[in-house]
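These protein sequences, in sequence, are chains A and B. Quick note: the first sequence uses this note's numbering, first residue 1, plus one each step. Quick note: the second sequence uses this note's numbering, first residue 1, plus one each step. Glycine is no exception: its CB is placed at the ideal position from the N, C-alpha and C atoms.
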Amino acid sequence: MATLLPFRFRSPEPTGDARMSSQTMPSSEKFISIEGIARRYPGPGGKSTTVFENLWLPMRRGEFVCMIGHSGCGKTTVLNILAGLEAPSEGVVIVDGQAIEGTSLDRAVIFQGHALLPWRTVLGNVAYAVSSRWRKAAKAEVTARARKAIATVGLAGSEHKRPSELSGGMKQRVGIARALAIEPKILLMDEPFSALDALTRGTLQDEVRRICVETGQTVFMITHDVDEAIYLADRIVLMTNGPQAKVAEIVENPLPKARDRTQLHHAPGYYALRNHLMDFLVSRSKTLRDAMPAGYDPRHPPVIRPSISEADAATPSADTAPARRA
Amino acid sequence: MATSLSARAGLVSLALLLAFLLTWQVAVGGTAKTEAMDPEYAALMGQSATTGKSAMPGPLDVGATLWKHLKDPFYDRGPNDKGLGIQLAYSIGRVALGYGLAVLVAIPIGFLIGMSPLMSRALDPFIQLLKPVSPLAWMPLALYTIKDSGLSAIFVIFICSLWPMLINTAFGVAGTRREWLNVARTLEVGPFRRAVTVILPAAAPTILTGMRISIGIAWLVIVAAEMLVGGTGIGYFVWNEWNNLSITNVITSILVIGLVGMILDQLLARAQALVTFPE
């Protein structure tokens, strides 16, 4: 019951205390390191709009990182830079010890709008990715790998359907299979479930979580959905509003790695975390943009670990109360 | 209603056709008043003057002529008397050559324009200037430079087929969805493979639309071009029969020209259906 041990809740208010100098990730742990990237767009009159600048973010191998922020804070731009689809105006991204340059098969993207090629079948779409990864592979091997990836996302039997014959959720499953099939080092997801209905979204989140936990996949995901972030992420990156967006803080998810969607809202610490994230999106994402707390160091954004707290005591779920007291 | 819409539409079409043929037959069947004339003079005159019969052939005359042509489409009795099949074959051959050349030129250049904003802007003034020129305006220049009437006709077909295909290819290529291109980019697909596996299938329906417009224009223009260059072809045949005052043959060839044009269009429509993908 290690997770039930009470630990001090660090106040989200800027107090300028020890959390500012808090956990810096040792460089040996950094699998991905975003180092001082900026993105500027030329504006009218020779001025340029800065979406974000001096953005630093380290990620560990096998970690599931979610980025949350309002529209316009540059989340998608960060993901596109990680994918290599866009180049940063300044700064570099280092993956596995090497600065990235352009796109790579090591970094697979799951697009918001599935982006399947409509003239190819399910198998054809996945096989296209596989044959791009292993150029010299025999056709049989390509098909076998593609079929395996399709089976992983639970679409076995639909290999010969065209995307137009599939539901939204199934299309996104194919998108996931296509990304997984090339065995990437990093999976980048740009609000992959935002276009789906709630039920389908839930099932797909379960699938993604299962696959990522099983394979130890490193994932960077953008979302608007606080509950999605809580369920999936190991760490949640909070972005202030744009332009001039910043990484306000990195929230470590205190919930156990073995999560059950149906019981998640009973888990201790759930409401503290959820309230913290909601507070951020509702008000602090704006106030923090206007004035970051004293001592804010963009190279080492504060790391927060909400715990069982006063916030949890006020939760409507009564049945978690005895557990906490125990 | 048990009968389907298409069956009912077919019935209406048939009724309209019958009404048209009947009106036609009645309109040309009657005899006008004739004046008494010297028999020797009458022998020199046509039937319309002597018996009052209309010079315009009726549907039955046209039907008989059509049947005669269909029975023996490939006879060749000298330069001015060839079967309808031979004339059509010449025309279709010229269209195929000119149109085929246009495909070979328009699609690669269309790809270039669609993929490169620089080339798109650089070539735009030329295309805008040359596109509205009537293809027949090229004929004298073609005759002067090529010095061969047959080849000139092919060139005219080439130039008139070029523009719709070029513009549609460029439009289709430029309109390839960004997300599909991003898929290719994240998969590190090279430029050639990307053009063949992503851009071509994405632009194919638009390209085929251009090809369909072009084949229609080419078939329109070949008749006019052959009237000018003469010698062979269905256009020449029409003009020759006008000189022979054989209205029956003129009407027959109008029917046949329409039929061939329809077949060409339907062939391209089939090809278009093959490359169109549902989304």
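- DSSP, read as helix, strand or coil, puts M25/A in coil.
- In the structure shown, the three-state DSSP call for Y270/A is helix.
- Taken in chain order, the whole beta strand (DSSP E) runs of length 3 or more contained in the region 135-163 of chain A number zero.
- Residue pairing by DSSP puts L55/A in a beta bridge opposite I37/A.
- In this structure G91/A does not touch T103/A by the C-beta definition: roughly 18 Å separates them, more than the 8 Å allowed.
- Across the region 95-109 of chain A, CB contacts with chain B closer than 9 Å involve G102, T103, S104, L105, R107, A108 and V109, in sequence order along the chain.
- Proximity to T50/B across L60/B, E179/B, D61/B and T34/B peaks at T34/B, based on C-alpha coordinates.
- Residue contact check for T176/B against chain A: no CB pair falls below 7 Å.
- Contact between A149/A and A177/A holds, with the beta-carbon distance rounding to 4 Å and staying under 8 Å.
- P298/A is outside the set of residues whose beta carbon lies under 7 Å from a beta carbon in chain B.
- With contacts defined as CB atoms closer than 7 Å, V226/A and L277/A qualify as a contacting pair.
- When secondary structure is reduced to three states using DSSP, C66/A falls in the strand class.
- One Cα belongs to T262/A, the other to V251/A, and the distance between them is close to 22 Å.
- Counting C-beta pairs with one atom in each stretch, the region 203-212 of chain B and the region 164-173 of chain B have three or more that are closer than 8 Å, which means they touch.
- D290/A and E179/B have their C-alpha atoms roughly 34 Å apart.
- Nearest C-alpha to T240/A among P44/A, E53/A, G45/A and P42/A: E53/A.
- Of the candidates A181/A, A267/A and G69/A, the residue whose Cα lies closest to the Cα of I236/A is G69/A.
- By a beta-carbon distance limit of 8 Å, G98/B contacts A218/B. Their separation comes to about 7 Å.
- R133, R162, P163, S164 and E165: these are the residues of the region 133-165 of chain A whose beta carbon lies less than 9 Å from some beta carbon of chain B, given in chain order.
- Judged by DSSP in its simplified three-state form, M292/A adopts coil rather than helix or strand.
- Apart from the 5 residues on each side of it in sequence, Q25/B sits with its Cβ closer than 8 Å to the Cβ of G58, P59 and L60 in its chain, given in chain order.
- Taken atom to atom, the span from the alpha-carbon of L104/B to that of S161/B is near 11 Å.
- D96/A sits in coil when the DSSP states are folded into three classes, being neither helix nor strand.
- One alpha carbon belongs to A174/B, the other to T206/B, and they sit about 11 Å apart.
- Taking 7 Å as the cut-off, the Cβ atoms of V260/B and A153/B do not count as close.
- DSSP lists V109/A and F220/A as the bridge partner or partners of L188/A.
- The region 179-189 of chain B makes no contact with the region 110-128 of chain B; the number of CB pairs closer than 8 Å stays below 3.
- With three or more CB-CB distances shorter than 8 Å, the region 57-77 of chain A counts as touching the region 214-224 of chain A.
- In chain order, K131 place their CB closer than 6 Å to the CB of W163/B, counting only its own chain and leaving out the 5 sequence neighbours on each side.
- Note on M170/A: 16 or more other CB atoms within 10 angstroms of its CB, so buried under the neighbour-count rule.
- With a cutoff of 7 Å on beta-carbon distance, T218/A and E63/A are scored as near each other.
- At least one C-beta of chain B is nearer than 7 Å to the C-beta of P118/A.
- Sequence-distant partners of T50/A (beyond 5 residues in either direction) whose C-beta falls short of 7 Å from its own C-beta, in its chain, are A38, R40, P243 and Q244.
- Looking at D81/B, A15/B and M45/B, the one whose alpha-carbon comes closest to that of N244/B is D81/B.
- In the structure shown, V237/A adopts extended strand secondary structure according to DSSP, grouped into three states.
- Its Cα nearest to that of L66/B, the residue S253/B stands out among S253/B, N240/B, L268/B and A36/B.
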